[in-house]
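> For reference, the structure I am asking about is given below.
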Amino acid sequence: MTWNEKMMFNLLKGDDTIHFDVYDKDLIGRDSIGNGKVKLKEVIQTGHYDNWVKLPSHFGLSSHGEIHIIMNYIAP
Numbered sequence: 002m003t004w005n006e007k008m009m010f011n012l013l014k015g016d017d018t019i020h021f022d023v024y025d026k027d028l029i030g031r032d033s034i035g036n037g038k039v040k041l042k043e044v045i046q047t048g049h050y051d052n053w054v055k056l057p058s059h060f061g062l063s064s065h066g067e068i069h070i071i072m073n074y075i076a077p
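Sequential numbering from 2 applies to the sequence shown in this note's numbering.
Take a look at the structure:
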């Protein structure tokens, strides 16, 4: 996945969180910048999510920045 990319996927029963692993764009190697997660309850209830998600370091000691996540949910 890259910047400003759109994707569509199905949620399975019991899925309640989406996880993001963020890497840099090095041509020689991928370095992890951080990871974040979003609880899907709000997305499912409102049909929309538009927030900045913090990327804590792997050991949770500091933040490595934020990513802007926009999601829409369409009920089956």
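By construction, the Cβ of each residue, glycine as well, lies at the ideal position given by its N, Cα and C atoms.
1) So G35 packs on L56, CB below 8 Å; how close in whole Å?
2) Roughly how many angstroms separate the alpha carbons of E6 and G66, rounded to a whole number?
3) Quick check on DSSP: helix, strand or coil for E6?
4) So is G37 buried or exposed if we call it buried at 16+ other beta carbons inside 10 Å?
5) Going by beta carbon distance, what residues of the same chain come within less than 7 Å of V44, once the five residues before and after it are set aside?
Short version:
1) 3 Å
2) 19 Å
3) coil
4) buried
5) Y50, M72, Y74
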